[in-house]
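Structure first, commentary second.
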Amino acid sequence: MLRSLTRQRLPRSTLSTRAVVTRQFAHKTHVVERELPKAPSTKSRTPYYIGGAILGCALWGVGLGAALNYQRLSSSVVKGTMFMVRYDPRVIALLGDKIDYADSWPWITGTVNHLKGEVAIAFDVAGATGERGRVRFSSLRRGTEWVTVEFNITRETDGTTVELGQLELTDTGAPATSQ
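Position one of the sequence shown corresponds to residue 1021 (my numbering), numbered consecutively onward.
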């Protein structure tokens, strides 16, 4: 009975596909009865998911590589190696003075693993004259002592190599000049 009182009846013949029927309930709520619009055609989202996964993995890989490179760059081994290269007179003669990393964001290749006792790194340096060189340093721990396996610099233009190996150091830690 309540239903018949709250609903206005329209004959079916007056309802078309766009016709609207309004029902009024006791609490003044209006309900519009009509056909729902057709849903838009949905395309497969799989290409977006695959593209997002590829982009996410690429960003993760770049971020991880940059973090690991920064860790190697900040290690005491790289800093000590760079100190030796900067102040060695043979390297200054090879590349010029004011030796620093060749790029604004240097890439240190290799590994620095103090726990396993293995260090093998390589990086590019450049002098004030614009000459570039590749520094290679490799060291292994035998018991409690570290043994330098390789420590050299190679000029890129002509391949001239200077073995830095075992050097005598001054009181400040810089390489001694042989005069």
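All residues carry an ideal CB built from backbone N, CA and C; glycine is no exception. Remember, it's a predicted structure, so these values are computed and weren't measured experimentally.
Review point. Do you know offhand how far residue 1037's Cα is from residue 1048's?
Key: As a working note, residue 1037 is residue 17 in the sequence shown. As a working note, residue 1048 is residue 28 in the sequence shown. Note that residue 1037 scores 47 on pLDDT, short of 50, meaning its location in the model is unreliable and no value can be drawn from it.
Check your understanding: By how many angstroms is the C-alpha of residue 1050 removed from the C-alpha of residue 1025?
Key -> Start at 1 with the first residue of the sequence shown, and residue 1025 comes out as number 5. Start at 1 with the first residue of the sequence shown, and residue 1050 comes out as number 30. Residue placement at residue 1025 is flagged as unreliable, the pLDDT there being 49, under the threshold of 50; the coordinate-derived value follows with that caveat. Our two residues, residue 1025 and residue 1050, have alpha carbons roughly 14 Å apart in a direct line.
Check your understanding: Is it a yes or a no for the region 1163-1170 touching the region 1119-1130, going by three-plus beta-carbon pairs under 8 Å?
Key -> The region 1163-1170 is not in contact with the region 1119-1130.
**Study point:** Boundaries (first-last residue) of the alpha helix (DSSP H) holding residue 1101
**Key:** As a position in the sequence shown, residue 1101 is number 81, starting the count at 1. Residues 1096-1107.
Review point. What's the call for residue 1018, buried or exposed, on a 16-neighbour Cβ count within 10 Å?
Key: Within the shown structure, residues of the chain are numbered from 1021 to 1199, placing residue 1018 beyond reach of any answer.
Practice item. Report the three-state DSSP secondary structure of residue 1185 (helix, strand or coil). Key: Translated into positions along the sequence shown, residue 1185 becomes position 165. DSSP places residue 1185 in coil when its eight states are reduced to three.
Check your understanding: Helix, strand or coil: how does DSSP classify residue 1119 here?
Key -> Residue mapping note: residue 1119 aligns to position 99 of the sequence shown, counting from 1. The answer is coil: DSSP assigns residue 1119 none of H, G, I, E or B.
Review point. Quick one: is residue 1103 buried, meaning 16 or more other Cβ sit within 10 Å of its Cβ, or exposed?
Key: Counting from 1 along the sequence shown, the entry for residue 1103 is found at position 83. The residue is exposed, with fewer than 16 neighbouring Cβ atoms inside 10 Å.
Review point. How long is the line joining the alpha carbons of residue 1177 and residue 1099, rounded to whole angstroms?
Key: Position 157 of the sequence shown, counting from 1, holds the residue named residue 1177. Position 79 of the sequence shown, counting from 1, holds the residue named residue 1099. C-alpha separation (whole angstroms): 25 Å.
**Study point:** residue 1108 vs residue 1184 beta-carbon contact at 8 Å
**Key:** Position 88 of the sequence shown, counted from the start, is the residue given in the question as residue 1108. Position 164 of the sequence shown, counted from the start, is the residue given in the question as residue 1184. In this structure, residue 1184 lies closer than 8 Å to residue 1108 by Cβ.
Review point. How would you write the range of the alpha helix (DSSP H) that residue 1079 sits in, first residue to last?
Key: For the purposes of this step, residue 1079 is taken as residue 59 along the sequence shown, with counting starting at 1. Per DSSP, residue 1079 belongs to the alpha helix (DSSP H) from 1066-1093.
Check your understanding: How close, in whole Å, do the beta carbons of residue 1155 and residue 1105 come, if the pair is a contact with beta carbons under 8 Å?
Key -> Stepping through the sequence shown from its first residue, residue 1155 is reached at position 135. Stepping through the sequence shown from its first residue, residue 1105 is reached at position 85. Confirmed, Cβ separation roughly 6 Å.
Review point. Would you call residue 1114 buried or exposed, if buried means 16 or more other Cβ atoms sit within 10 Å of its Cβ?
Key: Along the sequence shown, one-based indexing puts residue 1114 at 94. Counting Cβ neighbours within 10 Å, residue 1114 comes out buried, since at least 16 surround it.
Point to revise | C-alpha distance - residue 1173 paired with residue 1148, whole-angstrom precision | key: As a first step, residue 1173 is located in the sequence shown; it is residue number 153 there, counting from the start. As a first step, residue 1148 is located in the sequence shown; it is residue number 128 there, counting from the start. For residue 1173 and residue 1148, the gap between their C-alpha atoms comes out near 16 Å.
**Study point:** DSSP three-state assignment for residue 1112, whether helix, strand or coil
**Key:** For this step, residue 1112 is matched to residue 92 along the sequence shown. Residue 1112: helix per DSSP, three-state reduction.
Point to revise | First and last residue of the uninterrupted beta strand (DSSP E) at residue 1130 | key: Translated into positions along the sequence shown, residue 1130 becomes position 110. Boundaries of the beta strand (DSSP E) around residue 1130: 1129-1133.
Practice item. Given a cut-off of 8 Å, decide if residue 1097 and residue 1141 are closer than it, judged by their beta-carbon atoms. Key: Within the sequence shown, the letter at position 121 stands for residue 1141. Within the sequence shown, the letter at position 77 stands for residue 1097. Against a cut-off of 8 Å, the Cβ pair of residue 1097 and residue 1141 comes out as a contact.
**Study point:** First and last residue of the uninterrupted beta strand (DSSP E) at residue 1148
**Key:** Locating residue 1148 in the sequence shown gives position 128, where the first residue counts as 1. Careful: residue 1148 lies outside any beta strand (DSSP E) and carries neither H nor E.
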